[in-house]
Amino acid sequence: MNNKNTDFDVIIVGGGTNGLSAGCYLGLEGKKVLVLEALDKVGGMASSGYLIPEAPQHLVHPCALDMMSMRVHAHVPKELNLERHGFRSIELTPGYVYLHPDGTSLIFWRDRNRTAAEIRRYSEADAAAFLKFMDVIDMFLDIALPMMRADPAELNLGAKFKVIGSALKNRKLKPELMALMTGSAHQAARERFEHPVTISAMCALTGLAGDISADGGGIYYALLGFLHRFGVGRVMGGMQKLSNAMQARLEELGGQVLVSASVAEIVSAGGRVKGVRLVDGREFTGRAVIAGCHPKVALEMVSTGEIPSYLLTRIAMAPANAKGSGPLKVDVALSGQISVPRYEAARGDGVDLRNTCLLIGTEEAVLENFAASIRGEVPTLPYITMAAPSAADPSQAPAGQDVLYIYPPVMPVNPVEGWDAIRERVADQIIDQASEYVEGLKGNIIGRRIEAAPDFTARLNTVNGCVVHIDTTTLRSSTMRPAHGLGGNTLPVEGLYLGSAGIHPGGGVNGMAGRLAAKRVARYLAKVSKYGS
């Protein structure tokens, strides 16, 4: 192990959850680790803070809020013992609720039978079709999950045997699974369901993952499978608690974290990584470097001439919000609390809909949002995801008040008029649309914060505002993520590894890409130690 303050076994560029995860796992291996974060605190897309000047006691989540993928990969917080460092999460019950314009609603409960009962209120046939559909989704998860948790560059015989066993057990469902994986999410809904509420709910949920009209988008129904199998979680005290717990664990293991430390160059010579140089001129040496940032950003930071030009072109053209749509984020501090009395009265079952994630957007609206965004136009129909984090965790706002997380998932990345010209106007439109579904919003606004695709790009050093780095498609998974030749065990520069949402298994707050990168680096360092440099 190196002992100099500027010499490390591994340097990690980016202090998001994947970078911190990689650092923790390498710390468990006894490696000397340095994490460099360009912002003034760790977390990246998994952060929270008091970001509305007019409302200094309203906690804002500028990116991620819900924890579904971390529940899918629950072994990460357990392996890193994060609860001992202040991380605590709860399960939301219910997780998601679809609100239809006519005042009716459909709850996605964790229990599929309860969800089927919701659907049965609209159509007996749809309820039966839903339960059959869940068998197909279960087969998909049983095949996908073992491989999601493994390094696709390794042999993984155990995982592959599980996959084969699941495929054989459910072989009668293979035709339906193939149709799901090759068709669109919209097609899957239209094939199975008849009632507009059921179809709209499915479109609103899967639209969170991508264009529901795109071939191959049927895999977005993994969201539905995850919801039913693992539930939806929320970090108590805000998402920053997770990132801070990971930093504390890393430092407990002897690792170091530097914030406000922007990397200018990943230094490489002769096809081998040497370390990094910061924008302020400081230099650090390391036997390996993990890029916990966007793969394109990372490879373009490598010393000139070290990465072949064809690979730089390949990563530059990898899809990132490639169809022209990306999310908008509006955080609102309120002097009161929101409510949905019209929907709760229509249900009549006493379910508190404040304490959940609300989905707004009919089948027509979701399709219109994607189509308009492709043209560079602001959609006119409401397609919005909304939650009041202070409902599940009152500590996130003053007593009797709310902080509102409004997330229209489909907005133009590059609108014809430009975001600087329309940002405030569009935020007004979104608030007007949301107010048609919830009460207590308009008239109670203390302050608000708005971010569109260019803002995500600038703040998070991502590409085209893509919060999952590389679009989620069947052709951008496993060793093909982020691109052919860049998703395997090695890169052209020895000792350099990718370790962000841009590699397997993809986006979401779960630390799995960092865990994978750490395992690869540990094997590399063991090989170097055994055979010498």
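For reference, each letter of the sequence shown is one residue, going 1 to 533 in UniProt numbering.
Cβ atoms here follow ideal geometry from the backbone N, Cα and C, with glycine treated the same way.
Closest by CA to Met480, which one among Lys329, Ser48, Ile315 and Tyr531? Ile315
Going along the chain, which residues of its own chain have a beta-carbon closer than 6 Å to the beta-carbon of Cys63, five neighbours each way excluded? These residues qualify, in order along the chain: Met45.
Contact belief for Val257 with Glu37 at Cβ below 8 Å, rounded distance in angstroms: 7 Å
For Met1, the three-state DSSP class (helix, strand or coil): The predicted model places Met1 with a pLDDT of 42, which falls under 50 and marks its position as unreliable; any figure quoted below should be read in that light. Met1 falls in the coil class under three-state DSSP.
Under three-state DSSP, which class holds Thr472? In this structure, Thr472 counts as coil in the three-state DSSP scheme.
Based on the DSSP secondary-structure assignment, which residues constitute the bridge partners of Met411? Under DSSP, Met411 takes part in a beta bridge, and its partners are Gly326.
Distance, Asp7 Cα to Val97 Cα: 51 Å
Please list, in chain order, all residues of the same chain as Glu451 whose beta carbon is under 7 Å from its beta carbon, the five residues on each side excluded. Pro62 and Lys329
What are the complete beta strand (DSSP E) segments, minimum 3 residues, inside the stretch 387-447? Whole beta strand (DSSP E) segments, 3+ residues: 403-407.
Beta-carbon proximity list for Ala288, same chain, < 8 Å, skipping 5 on both sides: Only Asp9, Val10, Ile11, Val273, Gly495, Leu496, Tyr497, Val521, Tyr524 and Leu525 meet the Cβ criterion.
Once the 5 residues before and after Ala518 are set aside, which same chain residues still bring their CB inside 6 Å of it? Closer than 6 Å at the Cβ level, and outside the excluded window around Ala518, lie Ala22, Tyr25 and Leu26.
Quick check on Thr285: does DSSP put it in helix, strand or coil? Strand at Thr285.
Between the Cα of Leu155 and those of Ile445, Arg347, Gly488 and Gly271, spot the shortest distance and give me the residue it belongs to. It is Gly488.
May I have a chain-ordered list of the beta strand (DSSP E) segments no shorter than 3 residues that lie completely inside the stretch 473-518? Along the length of the stretch 473-518, whole beta strand (DSSP E) runs at least 3 residues long occupy 496-498, reported in chain order.
Same chain only: Cβ atoms within 7 Å of Met67, ignoring 5 sequence neighbours per side: Ser89, Gly233, Arg234, Val235 and Val509
Identify the residues that DSSP records as bridge partners of Asp455: which are they? In DSSP, Asp455 forms no bridge with anything.
For Val72 versus Phe193, is the C-beta spacing smaller than 7 Å? Cβ atoms of Val72 and Phe193: not closer than 7 Å.
Per DSSP, Phe8 forms a beta bridge with which residues? Per the DSSP secondary-structure output, Phe8 pairs in a beta bridge with Gly286.
Could you give the uninterrupted runs of the alpha helix (DSSP H) lying entirely in the stretch 327-357, keeping only those of 4 residues or more? 341-347
With distance defined between alpha-carbon atoms, name the residue in Ala179, Ser184, Glu176 and Leu141 nearest to Gly165. Leu141
Please list the terminal residues of the continuous alpha helix (DSSP H) segment that includes Leu177. Lys174 to Thr182
Contact between the stretch 100-116 and the stretch 336-355 (3+ Cβ pairs under 8 Å): In short, these stretches touch, since the Cβ pair count reaches three.
If you draw a straight line from the C-alpha of Val279 to the C-alpha of Val259, how long is it? 13 Å
Beta-carbon spacing of Arg449, Asp331 below 7 Å: Yes. Within cutoff.
What span of residues does the beta strand (DSSP E) with Glu377 cover, start to end? Segment: none, Glu377 is in no beta strand (DSSP E) and carries neither H nor E.
Apply the 10 Å Cβ neighbour rule to Val366 and answer buried if 16 or more other Cβ atoms are within range, or exposed otherwise. buried
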